[in-house]
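Trainee: The sequence shown lines up with residues 4 to 432 when you count with the working numbering.
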Amino acid sequence: MSNSYIIKNVDALQVLDSRGDPTVEVVVETIGGGIGRAIAPAGASRGRYEAVELRDGDMSRFKGRSVLKAVSNVVNYIAPAIQGMDVRRQREIDKVLIQLDGTPNKSRLGVNAILATSLAVAKAAADTARIPLFQYLGGVNAKALPIPMLNIINGGVHAGNELAVQEFMIVPIGFDAFSDAIRAAVEIYKELKAILKSKYGASAINVGDEGGYAPPMKYVREAVEVLKTAIKNCGYDSEKQVRISLDAAASQFYDEDKKVYRVDRNDLTEDKLIEYWRNLATEYSILSIEDPFYEESFEAYAQLRRELKDNVIIVGDDLLVTSVARLSTALKYGSISGVIVKPNQVGTLSETLDFIGVAKARGIHTIVSHRSGESEDSTIAHIAVAINGPFIKTGAPARGERTAKYNELLRIEKYLSGEAMYASKILNI
Ligand code: PGA
Ligand code: ZN
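1. What are the start and end residues of the alpha helix (DSSP H) that includes valine 166?
2. According to DSSP, is proline 346 part of a helix, a strand, or is it coil?
3. Could I get the ranges of all uninterrupted alpha helix (DSSP H) runs contained in the region 284-368, with 4 residues as the minimum, in chain order?
4. May I ask you to report which of helix, strand or coil DSSP gives glutamine 17?
5. Taking the alpha-carbon of methionine 152 as reference, which of Leu290, Leu322 and Asn12 has the nearest alpha-carbon?
6. Using the beta-carbon of each residue, find all residues closer than 6 angstroms to any heavy atom of ligand 2 and list them in chain order.
7. Would you call the region 277-285 in contact with the region 325-342, where contact means no fewer than 3 C-beta pairs closer than 8 angstroms?
8. Consult DSSP for isoleucine 38 and reduce its assignment to one of helix, strand or coil.
9. Counting C-beta neighbours from all protein chains within 10 Å, is the total for arginine 309 16 or more, i.e. buried, or is it exposed?
10. Counting only the same chain and skipping the five closest in sequence on each side, list residues whose C-beta sits under 6 angstroms from that of leucine 276.
11. Taking glutamate 95 as part of the alpha helix (DSSP H), name the residues at either end of that continuous run.
12. Since alanine 217 and alanine 162 are thought to touch, with beta carbons under 8 angstroms apart, how far apart are those beta carbons, to the nearest angstrom?
13. Should arginine 374 be listed as close to ligand 1, given that the test is whether its C-beta is under 6 angstroms from any heavy atom?
14. Taking 6 angstroms as the cut-off, is the C-beta of serine 48 nearer than that to any heavy atom in ligand 1?
15. At a cut of 8 angstroms, does the region 141-155 reach the region 75-87 through at least three beta carbon pairs?
16. Three or more beta-carbon pairs under 8 angstroms between the region 54-62 and the region 403-410, yes or no?
17. Please work out which residues of its chain come closer than 6 angstroms, Cβ to Cβ, to alanine 362, disregarding the five sequence neighbours upstream and downstream, and give them in chain order.
18. Taking the alpha helix (DSSP H) that asparagine 76 falls in, what are its first and last residues?
19. How many angstroms separate the CA atom of serine 340 from the CA atom of isoleucine 185?
20. Who are the Cβ neighbours of proline 175 in its own chain at under 6 angstroms, not counting the five residues just before and after it?
21. Looking only at its own chain, which residues have a Cβ that is under 7 angstroms from the Cβ of alanine 68, when we skip the five neighbours before and after it?
22. CB-CB under 8 angstroms to isoleucine 395, same chain, minus the five flanking residues each way: which ones, in chain order?
23. According to DSSP, is alanine 180 part of a helix, a strand, or is it coil?
24. Note down, one range per segment and in chain order, each alpha helix (DSSP H) of at least 4 residues found wholly within the region 204-254.
25. Would DSSP call glycine 67 helix, strand or coil?
26. For arginine 64, which residues in the same chain have their Cβ closer than 8 angstroms to its Cβ, ignoring the five residues on either side in sequence?
27. Note the first and the last residue of the continuous alpha helix (DSSP H) segment covering lysine 146.
28. Sort out for me which residues DSSP pairs proline 175 with in a bridge.
29. To which residues does DSSP link valine 55 through a beta bridge?
30. For alanine 116, which three-state DSSP category applies?
31. DSSP beta-bridge partners for glycine 376?
32. I need the straight-line Cα distance from isoleucine 156 to glycine 177, nearest angstrom please.
33. Suppose the cutoff is 6 angstroms on Cβ atoms and the five residues either side in sequence are ignored; what does the same chain contact list for aspartate 320 look like?
34. So what's valine 90 in DSSP terms, helix, strand or just coil?
35. What residue range does the beta strand (DSSP E) around tyrosine 409 cover?
36. Classify lysine 126: buried if its beta carbon has 16 or more other beta carbons within 10 angstroms, exposed otherwise.
This is the structure we're talking about:
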């Protein structure tokens with residue numbers, strides 16, 4: 004067997020993410036000259052059970068946000084352990100990373116160090132083989148371009164407004180090709196900008212962390228209504244062609260002591276919130292609602308799902324944190340019909356693919372997702388194609404760290420040419 008896939012060198016450095024926070028970049032080099040480079044993303048509305056990213060906490064550097072310890076963990080512990088291994092042995096390498104860390108939540112070496120290494124290994128393997136990452140991961144069957152969920156109005160902890168719901172997304176489903184879907188999304192994004200500017204003034208078109216506008220709105224309905232208008236003004240149908248999805252990120256507006264949710268300047272009990280989502284989803288033909296309740300409320304998710312009779316995809320993000328164990332609990336309760344897949348919630352590529360495998364086997368929609376703190380790294384675009392979608396969530400069609408993923412998907416679509424297929428074709432929605 005050729006030794007060109009053997010890891011020759013592993014290096015790491017501190018770079019910046021889209022919020023200006025330091026993050027970890029890992030570079031893996033094989034004997035055959037293949038290079039894999041990956042950058043860890045970072046969330047703001049993180050789930051309680053996510054793997055832990057290491058921050059130095061030294062207030063004299065980057066206000067405590069530097070990641071030099073994680074970088075040195077790659078150089079001093081990870082590199083010597085995986086040098087000499089074959090990059091195609093992804094599972095073996097990920098196992099070494101997990102064992103080296105030795106904690107259940109990757110808090111010793113840091114998930115930022117571990118994930119960047121795990122992804123860089125896969126990218127080095129693809130580069131050594133001289134094939135794109137999506138093909139290395141998905142083989143000849145990888146052909147579906149994912150349906151983008153574009154977050155074009157930002158609220159919650161991603162914006163400085165009063166909207167409780169964190170993300171208001173448009174989902175261009177009714178198109179023949181990914182590039183057509185992106186074109187429609189951009190038209191709507193620009194139309195939305197014009198509407199917001201004339202209605203709320205120029206400050207309403209400032210953008211939040213994920214590139215969506217952050218208008219000074221107070222009520223969830225206001226945002227959904229304006230999306231509907233923008234879709235309609237562009238000549239699209241919001242019930243069929245371009246749907247609306249929400250990420251409530253409800254743990255962020257849940258008061259654990261009072262057991263109420265603070266929405267639209269009201270305190271809602273769980274029962275009231277179920278009713279609230281039911282009415283909103285029905286009125287606006289909402290495609291999906293992510294994290295509609297606090298991250299421990301498996302039963303409330305299930306109840307909403309039953310009441311909506313599966314007409315709306317109920318998605319778990321903070322609820323599941325890309326963990327097979329939590330997904331199994333959710334499946335037992337019947338809580339969800341869609342899952343967010345965030346590689347840095349769990350920490351290695353193998354664990355991410357295991358989670359996807361369980362979800363797909365159980366007929367659950369997978370949504371490969373960015374974080375609010377991102378970089379030019381476009382690995383998630385490749386993962387989404389490798390698994391044939393059906394969805395990707397990677398922000399508005401604006402800001403370089405978001406367009407990096409959409410542009411990579413446009414390149415993959417061109418590369419696949421006649422073999423490319425838009426994932427909505429394989430979905431029955
Ligand atoms: P985060 O938000 O990256 O800030 O956690 C994204 C999401 O909740 O989906
Ligand atoms: Zn979310």
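The beta-carbon is built from N, C-alpha and C at its ideal position, and this holds for glycine as well.
Given the structure is predicted, the values throughout are model-derived calculations rather than measurements.
Mentor: Taking the definition as stated:
1. Numbered from its first residue, the sequence shown carries residue 166 at position 163. The sequence shown places leucine at residue 166, not valine. Counting along the chain, leucine 166 falls outside any alpha helix (DSSP H), and DSSP gives it neither H nor E.
2. Counted from its first residue, the sequence shown places residue 346 at position 343. Reduced to three states, the DSSP call for proline 346 is helix.
3. 301-310, 327-336, 346-349 and 352-364
4. Mapped onto the sequence shown, residue 17 falls at position 14. Strand, per DSSP.
5. Along the sequence shown, one-based indexing puts residue 152 at 149. That would be Leu290, whose Cα lies nearest to the Cα of methionine 152.
6. Asp250, Ala252, Glu293, Asp294, Asp320 and Ile343
7. no
8. Taking the sequence shown and counting its residues from 1, one reaches residue 38 at position 35. Reduced to three states, the DSSP call for isoleucine 38 is strand.
9. To locate residue 309, count along the sequence shown from 1; it is residue 306. Exposed.
10. As a working note, residue 276 is residue 273 in the sequence shown. For leucine 276, where only same-chain residues beyond five positions count, the Cβ hits under 6 angstroms are Tyr264.
11. Start at 1 with the first residue of the sequence shown, and residue 95 comes out as number 92. It spans 93-104 - the alpha helix (DSSP H) in which glutamate 95 sits, taken as one unbroken run.
12. Sequence index remark: in the sequence shown, residue 217 carries index 214 (1-based). Sequence index remark: in the sequence shown, residue 162 carries index 159 (1-based). At roughly 4 angstroms, the Cβ-Cβ gap stays under 8 angstroms, so alanine 217 and alanine 162 are in contact.
13. For the purposes of this step, residue 374 is taken as residue 371 along the sequence shown, with counting starting at 1. The answer is yes for arginine 374.
14. On the sequence shown, residue 48 is found 45 positions in, with the first residue counted as 1. Result yes, Cβ under 6 angstroms from ligand 1.
15. These segments do not touch.
16. no
17. Taking the sequence shown and counting its residues from 1, the one referred to as residue 362 is at position 359. Hits under 6 angstroms: Val342 and Thr369.
18. Locating residue 76 in the sequence shown gives position 73, where the first residue counts as 1. 71-76 is the extent of the alpha helix (DSSP H) around asparagine 76.
19. Position 337 of the sequence shown holds residue 340. Position 182 of the sequence shown holds residue 185. Going by the C-alpha atoms only, they are around 25 angstroms apart.
20. As a working mapping, residue 175 is identified with position 172 in the sequence shown. Closer than 6 angstroms at the Cβ level, and outside the excluded window around proline 175, lie Ala184, Ala187, Ala188 and Val245.
21. Here residue 68 is taken as the residue at index 65 of the sequence shown, counted from 1. The identity of residue 68 in the sequence shown is arginine, whereas the question assumes alanine. Only Asp24, Pro25 and Arg58 meet the Cβ criterion.
22. For this step, residue 395 is matched to residue 392 along the sequence shown. Cβ neighbours of isoleucine 395 beyond the five flanking positions: Pro149, Ile150, Pro151, Met152, Ile370, Val371, Ser372, Ile383, Ala384, Ala387, Lys408 and Leu412.
23. Walking along the sequence shown from the start, residue 180 turns up at place 177. In the structure shown, alanine 180 sits in coil (DSSP, three-state: anything other than H, G, I, E or B).
24. Those alpha helix (DSSP H) runs which fall completely within the region 204-254 and span 4+ residues are 223-236.
25. Translated into positions along the sequence shown, residue 67 becomes position 64. Residue state, collapsed to three classes: helix.
26. Position 61 of the sequence shown holds residue 64. Around arginine 64, the same chain offers Leu71 as residues with beta carbons nearer than 8 angstroms, after the five sequence neighbours per side are excluded.
27. Counting from 1 along the sequence shown, the entry for residue 146 is found at position 143. Per DSSP, lysine 146 belongs to no alpha helix (DSSP H) and is neither H nor E.
28. Start at 1 with the first residue of the sequence shown, and residue 175 comes out as number 172. Looking at the DSSP assignment, proline 175 forms a beta bridge with Val245.
29. As a working mapping, residue 55 is identified with position 52 in the sequence shown. Looking at the DSSP assignment, valine 55 forms no beta bridge with any residue, so it has no partner.
30. Position 113 of the sequence shown, counted from the first residue, corresponds to residue 116. Helix.
31. As a position in the sequence shown, residue 376 is number 373, starting the count at 1. Its beta-bridge partners are Ala45.
32. Counting from 1 along the sequence shown, the entry for residue 156 is found at position 153. Counting from 1 along the sequence shown, the entry for residue 177 is found at position 174. Rounded to the nearest angstrom, the two C-alpha atoms are 21 angstroms apart.
33. For the purposes of this step, residue 320 is identified with residue 317 of the sequence shown, where counting begins at 1. Hits under 6 angstroms: Glu293, Asp294 and Ile343.
34. Stepping through the sequence shown from its first residue, residue 90 is reached at position 87. In this structure, valine 90 counts as coil in the three-state DSSP scheme.
35. Your numbering for residue 409 matches position 406 in the sequence shown. Per DSSP, tyrosine 409 belongs to no beta strand (DSSP E); it is in the alpha helix (DSSP H), 403-419.
36. Within the sequence shown, numbered from 1, the residue matching residue 126 stands at position 123. The residue in question, lysine 126, is buried, as its Cβ has 16 or more Cβ neighbours within 10 Å.
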